[in-house]
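J.: Residue numbers (my numbering), protein chains in the order written: chain A, 163 to 465; chain B, -10 to 256.
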Amino acid sequence: MHESILCVILYISMACPGERILALTEYIHAVNLSFSYQNEPEAPQVLKDVSLSVEKGSFVAVLGHNGSGKSTLAKHMNVILLPSGGSLFVNGMDTSLEEHLWEIRQQVGMVFQNPDNQLVATVVEEDVAFAPENMGVPPEEIRRRVEEALRTVGMWDFRDHAPHRLSGGQKQRIAIAGVLAMHPDCIVLDEPTAMLDPRGRREVLETIHRLNRESGMTVILITHYMDEAAQADRVVVMDSGTVIADGTPKEVFSQVELIRSAGLDVPQTTDLVHWLRTEKGLDLPADCLTVEEAADAVAKLFS
Amino acid sequence: MLNDITLGQYFPGNSPLHKMDPRIKILLTVLFVVSLFLVSDPLFLIAPVIFIGILYLIARIPVRFLLKSLKPLIPILIFTTVLNLFFLPGDVTLFSFWVIQISDKGLLNAILVLIRIVCLIAGSSLLTYTTSPIALTDGIERLLSPLGKLKFPVHDLAMMMSIALRFIPTLIEETEKIMSAQKARGADMETGSLVQRAKALVPILIPLLVSAFRRAEELALAMECRCYRGGEGRTRMKQLKLHLRDLWGSLITVILCGGMIALGFLL
Ligand SMILES: Nc1ncnc2c1ncn2[C@@H]1O[C@H](COP(=O)(O)OP(=O)(O)OP(=O)(O)O)[C@@H](O)[C@H]1O
Ligand SMILES: [Mg+2]
């Protein structure tokens, strides 16, 4: 008797899995998400059973070596790709339902690697206006949004410049402004700093951190730079289509062997501390991320 | 080497001509060009010459700019002038030498055609000097928008134009990079016969094409992410509004052209 009741409960919970209800409280929520670029059953799975949730207002960095499926995952968040298996919810909306398409595209802004290939117009302000124009926003409101977005990224003074005359970092900030003009809740940035010099990188990172801090924007930053990931609230590490580590930067980077096995480096400080711990047998905490933390730990050890 | 390709030939400025509505400017230019061809007496062409001169002064466009846009047409100008001058039989022969005869009609016609072509170039160049390519595209799109009702893809064409305008500088920059990369590998593009030089272009064009396709793909993706779904339901930030200057400009031009056409028909 008890067993059958248990079976019924189990059956019900499987028919309407808890995650689906949970999806409403999380901003982005992937449930056993699988994806393959080809339709054949034998085709390689680029995403395998990815389950992930991103809270509203958080700053999440996604790491992974080339071809691990980071961009593919990002494209799901904007309904450029649809899951082959499992499902993805954005703000409680199932991405596989056609009716949510434009709502999701407007709520999740995407910024790509090459700033040259995402600017559409010959004048900066026209480019920023592109998305709200597409959304059918009235002209006065577009003007307001353009000004607000350009001021947010600190490019208002360049509003009548031609994009091709700007530096890489400036172009990338214009691209961010172009997305902000949609008034999204979340921005997904796919290696936005990969083609920039150190100064451009700093400009872009400062901008997205400020957005996250001041406007509570949910940020998902795909990157190859460990130092960028170390500044996030949370780090997700992907390896051949699965999530192999997920936690705060300290939790993730202290698993040095795991990170290395995914073909990635750990931040230099963590690397040094790891070496001191394993090779030299020093009793240091594994989760030092910054130089200061490491220095303090070493000083404490010797005092 | 490729730097001196300026697109269109926009000459940035702040004159009333620059600020005029592109739609009005396009329409007036068409009217002006048409009326030039309806005039058959060189005497009446003095008015448009003076008119164009004044407009260039207002727009503060240096004369050398006009000369620059006339330069490629010099052979045609000489050809038509010579043809008219020497080979058009008239009533009175003014000058004759060997097989060449200059008649009164020939002389008149030569002058007429010369002034016409110069005015034509000067007038249409004025449009491109005082209107940025993007404003020009915008003007054309809005002028043609009634055709959209007939399923003519006005928006798509305008979008294509403006994307082309946006990417031409980027692609030029890229071409330069590829050229120096190929030169560094020992490619020789400056010497040799025409065929050899054409062949040397292949290693430049292929990477350029490949990269253009990649760019196009990424751009399409970025546009989709920014909610692009064609022209339907799209609004524009910049609304074109007619100002007093557009009215004045139109009035003056219409009266001038109307007068020219009327006189052309009367005489
Ligand atoms: N359009 C496509 N068609 C077929 N396969 C693709 C396509 N795009 C990506 N892939 C494959 O999917 C896998 C994951 O690619 P993805 O671009 O998501 O990786 P990534 O983690 O973003 O890598 P990178 O760090 O190089 O950007 C790769 O093996 C890639 O070859
Ligand atoms: Mg990628």
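The C-beta atom is built at its ideal place from N, Cα and C for all residues, glycine as well.
Would you say residue 232 of chain B faces chain A, with C-beta separation under 9 Å as the test?
T.: For the purposes of this step, residue 232 of chain B is identified with residue 243 of the second sequence, where counting begins at 1. False, the Cβ-Cβ gap to chain A never drops below 9 Å.
J.: Out of A:395, A:373, A:363, point me to the one whose CA is closest to residue 387 of chain A's CA.
T.: As a position in the first sequence, residue 387 of chain A is number 225, starting the count at 1. That would be A:363, whose Cα lies nearest to the Cα of residue 387 of chain A.
J.: Go through the residues and name those whose CB comes closer than 7 Å to any heavy atom of ligand 2, in chain order.
T.: Counting every residue whose Cβ lies closer than 7 Å to a heavy atom of ligand 2, we get A:232, A:233, A:352, A:353, A:384.
J.: Please identify the residue among B:130, B:155, B:151 whose C-alpha is closest to the C-alpha of residue 143 of chain B.
T.: Counted from its first residue, the second sequence places residue 143 of chain B at position 154. Looking at the Cα atoms, B:130 is the closest of the given residues.
J.: For residue 191 of chain A, which residues does DSSP report across the bridge?
T.: Taking the first residue of the first sequence as 1, we reach residue 191 of chain A at position 29. Per DSSP, A:215, A:251.
J.: In the DSSP assignment, find the unbroken alpha helix (DSSP H) run with residue 248 of chain B in it and report its ends.
T.: Position 259 of the second sequence, counting from 1, holds the residue named residue 248 of chain B. Note, residue 248 of chain B: alpha helix (DSSP H), 233 to 255.
J.: Determine the chain B residues that contact residue 346 of chain A at a beta-carbon separation under 7 Å, and present them in chain order.
T.: Reading the first sequence from its first residue, position 184 is the one you call residue 346 of chain A. Ordered by position in chain B, no residue passes the 7 Å Cβ test against residue 346 of chain A, which lies about 10 Å from the chain.
J.: Looking at the unbroken alpha helix (DSSP H) that takes in residue 92 of chain B, where does it start and where does it end?
T.: Here residue 92 of chain B refers to the residue found at position 103 of the second sequence. Run containing residue 92 of chain B: none in the alpha helix (DSSP H); it sits in the beta strand (DSSP E), 89 to 92.
J.: Taking Cβ-Cβ distances shorter than 9 Å, what residues in chain B pair up with residue 280 of chain A?
T.: One-based indexing of the first sequence puts residue 280 of chain A at position 118. By Cβ distance, chain B contributes 207, 208, 210, 211, 212, 214, 215.
J.: Measure the alpha-carbon distance for residue 41 of chain B versus residue 292 of chain A and round it to whole angstroms.
T.: Looking up residue 41 of chain B in the second sequence gives position 52. Looking up residue 292 of chain A in the first sequence gives position 130. Spanning the two alpha carbons is a distance of roughly 37 Å.
J.: In three-state terms, what does DSSP make of residue 214 of chain B?
T.: Stepping through the second sequence from its first residue, residue 214 of chain B is reached at position 225. Looking at residue 214 of chain B - three-state DSSP - the assignment turns out to be helix.
J.: How about residue 298 of chain A: is its C-beta nearer than 9 Å to some C-beta of chain B?
T.: The residue given as residue 298 of chain A occupies position 136 in the first sequence. So yes, residue 298 of chain A belongs to the interface.
J.: Can the beta-carbon of residue 337 of chain A be found less than 9 Å from the beta-carbon of residue 310 of chain A?
T.: What you label residue 337 of chain A is simply residue 175 of the first sequence in a count that begins at 1. What you label residue 310 of chain A is simply residue 148 of the first sequence in a count that begins at 1. Not in contact: residue 337 of chain A and residue 310 of chain A (Cβ atoms no closer than 9 Å).
J.: Can you check whether the CB of residue 401 of chain A is closer than 9 Å to the CB of residue 418 of chain A?
T.: Within the first sequence, residue 418 of chain A is the residue found at index 256, counting from 1. Within the first sequence, residue 401 of chain A is the residue found at index 239, counting from 1. No, these two residues do not count as a Cβ contact at 9 Å.
J.: Determine, using beta carbons only, whether residue 48 of chain B and residue 4 of chain B come nearer to each other than 9 Å.
T.: Taking the second sequence and counting its residues from 1, one reaches residue 48 of chain B at position 59. Taking the second sequence and counting its residues from 1, one reaches residue 4 of chain B at position 15. Cβ distance < 9 Å, so residue 48 of chain B and residue 4 of chain B count as in contact.
J.: Over the uninterrupted alpha helix (DSSP H) stretch that includes residue 330 of chain A, give me the two end residues.
T.: Reading the first sequence from its first residue, position 168 is the one you call residue 330 of chain A. It spans 330 to 342 - the alpha helix (DSSP H) in which residue 330 of chain A sits, taken as one unbroken run.
J.: Quick one: which chain B residues come within Cβ less than 7 Å of residue 318 of chain A?
T.: Start at 1 with the first residue of the first sequence, and residue 318 of chain A comes out as number 156. By Cβ distance, chain B contributes nothing, its closest Cβ being about 15 Å from residue 318 of chain A, past 7 Å.
J.: Less than 8 Å separating the Cβ of residue 241 of chain A from some heavy atom of ligand 1?
T.: As a first step, residue 241 of chain A must be located in the first sequence, where it is residue number 79. Because no heavy atom of ligand 1 lies under 8 Å away, the Cβ of residue 241 of chain A does not count as near it: no.
J.: Just curious, the alpha helix (DSSP H) that residue 422 of chain A is in, first and last residue?
T.: As a working note, residue 422 of chain A is residue 260 in the first sequence. Taken as a continuous stretch (DSSP letters only), the alpha helix (DSSP H) holding residue 422 of chain A covers 418 to 423.
J.: Would you kindly report the start and end of the unbroken beta strand (DSSP E) that includes residue 81 of chain B?
T.: Indexing the second sequence from 1 puts residue 81 of chain B at position 92. No beta strand (DSSP E) holds residue 81 of chain B; DSSP gives it neither H nor E.
J.: Report yes or no: do the region 322 to 335 of chain A and the region 250 to 268 of chain A share at least 3 C-beta pairs separated by less than 8 Å?
T.: Too few Cβ pairs lie closer than 8 Å, so no.
J.: Which two residues bound the contiguous beta strand (DSSP E) that contains residue 42 of chain B?
T.: In the second sequence, counting from the first residue as 1, residue 42 of chain B sits at position 53. Taken as a continuous stretch (DSSP letters only), residue 42 of chain B belongs to no beta strand (DSSP E), being part of the alpha helix (DSSP H) at 35 to 48.
J.: Answer with yes or no whether the minimum CB distance from residue 162 of chain B to chain A is below 9 Å.
T.: For the purposes of this step, residue 162 of chain B is identified with residue 173 of the second sequence, where counting begins at 1. So, interface residue.
J.: Name, going along the chain, the residues of the region 186 to 199 of chain A whose beta-carbon falls closer than 7 Å to a beta-carbon of chain B.
T.: If the cut-off is 7 Å between Cβ atoms, the region 186 to 199 of chain A has nothing near chain B.
J.: Which residue marks the beginning of the beta strand (DSSP E) containing residue 350 of chain A, and which one marks its end?
T.: Counting from one through the first sequence, the residue named residue 350 of chain A turns up at place 188. First-last of the beta strand (DSSP E) with residue 350 of chain A: 348 to 352.
J.: So what's residue 168 of chain B in DSSP terms, helix, strand or just coil?
T.: Taking the first residue of the second sequence as position 1, residue 168 of chain B is located at position 179. Note: residue 168 of chain B maps to helix in three-state DSSP.
J.: From residue 178 of chain B to residue 208 of chain B, what distance separates their C-alpha atoms?
T.: The sequence position of residue 178 of chain B within the second sequence is 189, counting from 1. The sequence position of residue 208 of chain B within the second sequence is 219, counting from 1. About 31 Å.
J.: Considering Cα atoms alone, identify which of B:96, B:7, B:197, B:115 is closest to residue 21 of chain B.
T.: Mapped onto the second sequence, residue 21 of chain B falls at position 32. The option with the nearest alpha carbon to residue 21 of chain B is B:115.
J.: Look at the alpha carbon of residue 46 of chain B and the alpha carbon of residue -2 of chain B, and state the distance between them as a whole number of angstroms.
T.: Start at 1 with the first residue of the second sequence, and residue 46 of chain B comes out as number 57. Start at 1 with the first residue of the second sequence, and residue -2 of chain B comes out as number 9. Residue 46 of chain B and residue -2 of chain B: Cα-Cα distance of roughly 17 Å.
J.: Please list, in chain order, all residues of the same chain as residue 354 of chain A whose beta carbon is under 6 Å from its beta carbon, the five residues on each side excluded.
T.: Along the first sequence, read from residue 1 onward, the residue named residue 354 of chain A stands at position 192. Excluding residues within five positions, the ones whose Cβ falls inside 6 Å are 273, 334, 366.
J.: Just the C-alpha distance for residue 223 of chain A and residue 302 of chain A, rounded to the nearest angstrom, thanks.
T.: Your numbering for residue 223 of chain A matches position 61 in the first sequence. Your numbering for residue 302 of chain A matches position 140 in the first sequence. Going from the Cα of residue 223 of chain A to the Cα of residue 302 of chain A covers about 36 Å.
J.: Identify every residue that forms a DSSP beta bridge with residue 86 of chain B.
T.: Along the second sequence, one-based indexing puts residue 86 of chain B at 97. Partner(s): B:89.
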